[in-house]
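Going down the list, the sequences are from chains W and U.
Here the first sequence is numbered in this note's numbering, starting from 7 and rising by one per residue.
Here the second sequence is numbered in this note's numbering, starting from -8 and rising by one per residue.
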Amino acid sequence: MKFLDAFAMNSSGISLEMPSLPNDPHSTKLLRAIMHYRHFLQSAACCVLVLTSLVPNASAQTPTIDQLLTSHLTPGGNAEVRAVGKDLKDVERLWLPFTELPIVPAEKPDEKQVRFQGTVPESVQPGIYEARVLTKRGISARHWLVVDNLPQTITTAGSEAQPSPTVVPADCIVQGQINARKPRFFGVELKAQQTLQIEAVARRLNSALDPVLRILQADGKELGFEDDTPGLAGDAWLQFTAPQDGIYTIEIRDVQYTGGSRHFFHLRIGGSKLPASATQNVALAAAGITSPAVMETEPNNDTSQPTATETTSQRLSGAIQQPGDIDIFAIHTQAPAHLCITALTRRLGSPADLVLQLSDEAGKTLQSADEAGSYDAQLAVAVPAAGTYFLTVKELSSLGGPAFTYDLQLQWGGRTEVSTTVDTVAIPDAGAASIAVAVNRIGHSDPLEVWASDLPPGVVSTPVIVVPNQKTAFVTLLKTDQASSTFQKPIQLLARRSADAPAVPAVYQPAVKPVTDAAYEIPRLSAGMFAYGGGAAEFSLTATPDALSIKPGEEIQLTISATRTGEWTQVIEMASAVPAAELPTGLTVGTAKLEKDSVQIPVKAAASAVPGRYSLSLQGTLKKDKTTIVRPVPTLIIEVTDVEKTVAGD
Amino acid sequence: MKSPINRLLSAWILFAAVGLTARADQTASELQITPPEIRLIGSTSSQQLVITANPASDGVFDASDQASVESADTTVAVVRSGIVYPVGDGTTTITATLNGQTTTAQVTVADSATKPPVIFHTEVLAALTKAGCNMGACHGSPSGKGGFRLSLRGYDPELDLLTLRGEFFNRRSNVLNPDESLLLRKPLMEVAHGGGKRLQTGEPTWSVLRDWITEGMRTAPEGTATLERIKILPEQRTLRNSATRQQIIVQGFFSDGSVRDVTALTAFDSSDEAIASVSDNAVVRREGRGEATILARYLDRMSTAQITFLTDRENYDWQPPADAQGIDLQVFNKLHQLQIQPSELCSDSDFLRRATLDLTGRLPTTQEAIEFSGSTSESRRSELIDRLLSSEDYARFWSLKWADLLRCNSRRLTSSGVHKFRRWLFDVVRNDKPLNEFAHELLTAQGSTHHNPAANYWRASRDEIDATETTAQLFLGIRIQCAKCHNHPFEKWTQDDYYGIAAAFHRVGRKPGWLANSEHIFVKHTGEVKQPRTGETMKVRLLLQGSVDVPAEQDRRTVFADWLTADSNPFFARSLANRIWGHVMGRGVVEPVDDFRDSNPPSNPELLDFLTQEFIAGGYSAKHLLRTIMNSHTYQLSSERNDLNSDDEAYFSHATTRMLTAEQLLDAICDVTGVPESYAGMPAGTKAIDLVNPPEGHKFLQVFGQPQREMACECERSSDSNLSQALQLINGPVVHDKIRSKDGRLHRWIAEGKTDSEIVGLLYLTALSRAPMPVELQTAEQHIAAQPDRAGALEDVAWAVINSKEFLFQH
């Protein structure tokens, strides 16, 4: 009821009737989905899209991970992972970016925990990696685990009494969890002058724990303290040198003394800080950012000593190495062009909040982006002439340090950004699912093509043509007879401006801003989602014909047919998924009530319609009791033909 | 029947005679005229005189009303009722005579035939202020009174000029027949006036207003000299026994270099009417024994004089403590001056309890009490101070004080933010970060409030207005709030000062941080503050120094913080030294500790100077200053008073008793009973002083004045006693439940088989850091013996100890 209450309080007047299924395992999914899309629902433009994902699927199973406990994940080593959560009975394997670990069959299936075993490839670098558990017809949301290079992992509850800590080796990983109001205490035996590094990994694993580390001597006196180490997303790292031989106590707790099953930690004792680079590189690659980067070279604090770049340079990397540091790059262009420079900092784990400034050789500022922009700064500027320009990179608050790294993407001629709030998509049997993709064009207004790639066998998707004024596109995935009844597969959504332009992956951007620590997910750069077979649909829609041709001034009727299952016999309201204002110029799509098996829906091309090839995204909405189901019609291609040509052709 | 005039004359003769008789014991061996040189320009000028007898000795007295003063050349100047008036151009000498002693002053008169016009900005406004017309309760209120609105104490002359000259078709004045002007008739009560009689015909204020109307209510000609400052004379005087009055004068220093007597148009106030009253004609009279500050206000300028009235006390026998130096020297000099005998040194047990509570907020443990009482070390007190200062308990307690003032509450800083900020404050105190660095760091903080908790200063303070008032009160000890809407009515601070400070804080940017619950503070490079009255774009203003230009790219806060924390800053070190002193002494040298103003002077300026210099010399170390204070004889004086200091509340002749703060008291009850309090969201055993946030709905803490941390004012922590407190202690669940708890200390002692006397002894040691006196022990034992329920009787004893003043109070 807490979620329901929260939703009722925050829906800002949007009325969404909810199924009353308190004991249905899918009600949890539904509620979570509502929470997930809560803010998105507040945007009228997106309302229709959201409902697409609210379809309760009678046979889909959505496992939930609360915590992943790893045996000792090390490159080249055997791996055992235990997932603790809910609805885990039908789990088959654990998906990791570098491998899949099969489940270890249990004598007695347990819905709350499962084990996986396998091997971590030798080539995997220590770091934090995405993980999901897969069932026959479901997939969990992202979770995170650590591949580490410390010699052993200890999974223990740990002492909750400071005078009697749980003694652990000085080089190990401790996995555990914090209870409310009760810190955990671990003892480490050290020699005089021995230095110890301790790193709490929690926030980076989406743990609800906001970790605080303390080092205590035997009498309880504090010798070290750390909270929120820059660059660790709220986690803590502490270095300590023992003044004399003895057992020293490491205290780990939540800064607010909260606790619970979601307050888990991966405590690294000894060794150096967990390298962020591996995680960052995985994220950059997933986001399609693979071009070589120009590394800044110091000194480059003024325009007389800039870091040189090539006209072909697409990435610049560096760090604000100390407070007040300024990095200047010389950028060259051979012709006037639109330049977009996008900083990646926070989503790569860097605490830097950049200020970017582009100026010409005379020192005139063309544009600067700082506090008025988003967290990751972005410059979009029309460079007026060929020549050399200087890009100045500063930290907004004049902070700096080794953790203050950045990665800058340079795009000449405009930039295309596509994103989605969808992390997993269920494709019903003999039906279609729709994924909403937000489109942002910077420095250009070209039409785009958005499509899904890496699809499972038997799943098809028609590329969507996104007209210049369109901000949201709907990519539909259709499960054909050739598809397996069950599958789970990572897929990608891609966009491009023309056939020879590079494809841009859609990045995952959760719609919900954090409202509490427990609900908080740190921003990450990640692309890709999972598609899985979602079982039988309540209804599915098809259009006849599936490709249209229309002349300006003409109206044609499109026949929409519904295939219904079970009791889903109610009226289906048919309409365009794309708002009327974002349809191709001159095209309008009517509405219709699909009462039984089929209905016709009018599509009009005004005299002003511009000849060309377009996409139509239609959807049907069915309401039954308190449930609302939205299903897409697979993407239709409509061609507005030139009147004269058609006549000539006739 | 005598006519009123005759009656007045008779009264004057009688008064004069009584005066002469009453002061027969006053002998003048030397006379002095103030000012010694007098320059009168124009026919309307004048000079009030102060005739001082024996100016350089303890026998000094004001002879202004006794000495006869005569002019050597009455064609140049005459003297009437102690005031010199011009007659003709030239130079002459005036001579004052008393008891055969004489003294002279030179008088120069120029332009005596010229009647200068009344100047609105310097005379009319001053007259309106002196008459009280434009005070807040009258026409100076925002909505005025009776349809007539003036700016508060004349802070907006242009508005007043417009109102007086033009409003309602100029119905308030009659230039052709000035005496018919409402502006005069109302305050003379010739017609009904809600404000009563404010003017007397013929007095200077009336003359100024009437002359101004007569002259056509003109504005001042271009180039008219403006007032720069005023000075009150004498600035300081100590008057003994039969010296019961003091004439004062006020000199105005103008932009053309002239110095004029503005006494007649100056308004006066006394800081303590029970000691000294001051009349409209600038005579201070003794009302009681002690020191008072006389505040003179002329236009928007202030000046003060310290007047002390002393009477010899019987049995006063000054026994100066041996080798008094530093703090003690300053305190005892003052006490000797005021004939106040300091108390004896406090006992060791009192000292242990006092020092432990002051530095750590907790009671001494039984072990500490036993060890301290058994110590034979001559330096045991200073050793205790050092030990306490180096403890984490000190950091816990003193970070609480800063958390209160810096508004560390979850409503402002979020639930995790308060933890992070409090921890940062703990480190500041524990590491004894110099307080100038601490202030500088707070004022210039930027970045994530989680990574850099000092930035929470700017999260708690949401705009430049709040930041201005908070910073002024916290680090300057100045309550500058009044100057937001108008020049400060009782102080020198103007709207320009207020908005000039605000200009330093205007460019603070805030945006959501990317860590949960965090905020990002940064410096913007645009944005200006406008003075609302003048519309002027304000530069950064440093008090008493003026406006400064700050380069566009520079953080303006840094300029302000550099000025604030410099050794030369006249406010910062002084206010913090006073604040620290106030926390351990129970009262500031300036009290309230964050209310420095000319009209609220330090009770012992030399002491405050010493503390300030010691604080600076000690590198702004709070620990250093605390160590210095607590090692002083003054700190270690008993709270028991003697006949010669029983009425002293300001000069530190004895320790100031005060009730334990809410957190101290609750922790003390928990310590004595051995039953910890439970707080939502905090680990078991958490003490009240460690709470990062005032807990919601905790009745006990609320009743005893725990602040909600919404203000940067020490006053938010209530120290008032009230009935609810008594009910909590006598009958409240906190005290009762803890005493009765079977897990508590008392019942453990019973279970351990301790005797009655052992338990009573432990109770006293735990609660009061001392053993019970025989009579106390006997009384307790008798009570226990008389009760059928031993445990209940012991609970009664514990209840009585907890409800004793000795337990409840810091002493």
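Every residue gets a Cβ at the ideal spot worked out from N, C-alpha and C, and that includes glycine.
### Message
Quick check: what's the CA-CA separation for residue 426(U) versus residue 613(U)?
### Response
7 Å
### Message
Is the separation between the beta-carbon of residue 211(W) and that of residue 254(W) shorter than 8 Å?
### Response
The answer is no: Cβ separation not under 8 Å.
### Query
Any Cβ of chain U within less than 8 Å of the Cβ of residue 365(W)?
Not an interface residue.
### Task
Could you pull the start and end residues of the beta strand (DSSP E) that residue 344(W) belongs to?
That run of the beta strand (DSSP E) goes 343 to 350.
### Message
If we define contact as Cβ-Cβ less than 8 Å, is residue 240(W) a contact residue for chain U?
### Response
Under the Cβ criterion of 8 Å, residue 240(W) is counted among the residues facing chain U.
### Message
What residue range does the alpha helix (DSSP H) around residue 578(W) cover?
### Response
Note, residue 578(W): premise wrong, no alpha helix (DSSP H); beta strand (DSSP E) at 578 to 582.
### Proximity of residue 762(U) and residue 396(U) at Cβ, strictly below 8 Å
For residue 762(U) and residue 396(U), no; Cβs fall outside 8 Å.
### Message
Is it the case that the segment 471 to 483 of chain U contacts the segment 588 to 596 of chain U, given that we only count it when at least three CB pairs across the two stretches are under 8 Å?
### Response
yes
### Task
Starting from the beta carbon of residue 219(W), find every residue of chain U whose beta carbon is closer than 7 Å, and list them in chain order.
In chain order: nothing, as chain U lies at least about 12 Å away.
### Task
Please state if the CB of residue 411(W) and the CB of residue 349(W) are separated by a distance shorter than 8 Å.
no
### Task
Name, please, each residue of chain W whose Cβ falls closer than 9 Å to the Cβ of residue 518(U).
The contacting residues do not exist; residue 518(U) stays about 12 Å from chain W at best.
#### Entry: beta strand (DSSP E) segments (min. 3 residues) lying fully within the segment 215 to 241 of chain W
For the segment 215 to 241 of chain W, the full-length beta strand (DSSP E) segments reaching 3 residues or more read 217 to 222 and 228 to 233 along the chain.
### Message
Strictly under 8 Å for the Cβ-Cβ distance: is residue 621(U) near chain W by that measure?
### Response
no
### Task
Have a look at residue 622(W) and residue 473(W) and give me their C-alpha separation to the nearest angstrom.
Counting only the Cα atoms, residue 473(W) lies some 11 Å from residue 622(W).
### Query
In the segment 247 to 264 of chain W, which residues sit with their C-beta less than 8 Å from some C-beta in chain U, listed in chain order?
Of all residues in the segment 247 to 264 of chain W, 261, 262, 263 and 264 have a Cβ within less than 8 Å of some Cβ in chain U.
### Query
List, in order along the chain, the chain W residues whose C-beta lies closer than 8 Å to that of residue 674(U)?
187, 188, 189 and 263
### Interface partners of residue 216(W) on chain U, CB under 8 Å
Neighbours of residue 216(W) across chain U, judged by C-beta separation under 8 Å: 407 and 507.
### Task
For the segment 337 to 368 of chain U, enumerate the residues whose C-beta is nearer than 8 Å to any C-beta of chain W, in chain order.
When CB distances to chain W are screened at a threshold of 8 Å, not a single residue of the segment 337 to 368 of chain U falls below it.
### Short-range partners of chain U found in the segment 391 to 406 of chain W, where Cβ spacing is below 8 Å
402, 403, 404 and 405
### Separation of residue 189(W) from residue 720(U), as counted between CA atoms
34 Å
### Query
Rounded C-beta distance between residue 205(U) and residue 246(U)? I'm assuming under 8 Å.
Going by Cβ atoms, the distance from residue 205(U) to residue 246(U) rounds to 26 Å, so no, they are not a contact pair.
### Query
Of all Cβ atoms in chain U, is any one closer than 8 Å to the Cβ of residue 171(W)?
no
### Task
Measure the alpha-carbon distance for residue 269(U) versus residue 275(U) and round it to whole angstroms.
4 Å
### Message
Using a Cβ-Cβ cutoff of less than 8 Å, which residues in the same chain neighbour residue 200(W) once the five nearest sequence positions on both sides are dropped?
### Response
176, 247 and 248, listed in sequence order.
### Task
Could you give the DSSP three-state label for residue 342(U): helix, strand or coil?
In the structure shown, residue 342(U) sits in a helix (DSSP, three-state: H, G or I).
### Query
Got a sec: is the Cβ-Cβ distance from residue 390(U) to anything in chain W below 8 Å?
no
### Task
Tell whether a beta-carbon distance below 8 Å holds between residue 105(U) and residue 198(U).
no
### Message
Contact criterion: CB-CB distance below 8 Å. Does residue 49(W) meet it with respect to chain U?
### Response
Unreliable placement is indicated for residue 49(W), whose pLDDT of 34 sits below 50; the coordinate value is still reported in the next sentence. Contacts with chain U at 8 Å (Cβ-Cβ) do not include residue 49(W).
### Query
Quick one: which chain U residues come within Cβ less than 8 Å of residue 529(W)?
Near residue 529(W) (Cβ distances below 8 Å), the residues of chain U are 505.
### Query
Nearest-angstrom Cα distance between residue 50(W) and residue 564(W)?
Only weak support exists for where residue 50(W) lies, its pLDDT of 29 falling under 50; the coordinates are left without a value.
### Task
Thinking residue 727(U) and residue 315(U) are a contact (beta carbons under 8 Å), I'd like their distance in whole angstroms, please.
The pair is not a contact, with the Cβ atoms about 48 Å apart (cut-off 8 Å).
### Query
Does any C-beta atom of chain W lie closer than 8 Å to the C-beta of residue 438(U)?
yes
### Query
Which residue's Cα is closest to the Cα of residue 600(W): 577(W), 609(W) and 585(W)?
The shortest Cα separation from residue 600(W) among 577(W), 609(W) and 585(W) belongs to 577(W).
### Task
Tell me residue 569(W)'s beta-bridge partners as DSSP assigns them.
546(W)
### Task
Note down, in chain order, each residue of its chain lying with its Cβ closer than 7 Å to the Cβ of residue 130(U), except the 5 sequence neighbours on either side.
Result list for residue 130(U): 124, 136, 139, 140 and 141, in chain order.
### Which of helix, strand or coil DSSP assigns to residue 299(U)
Here residue 299(U) carries a strand assignment [DSSP, helix/strand/coil].
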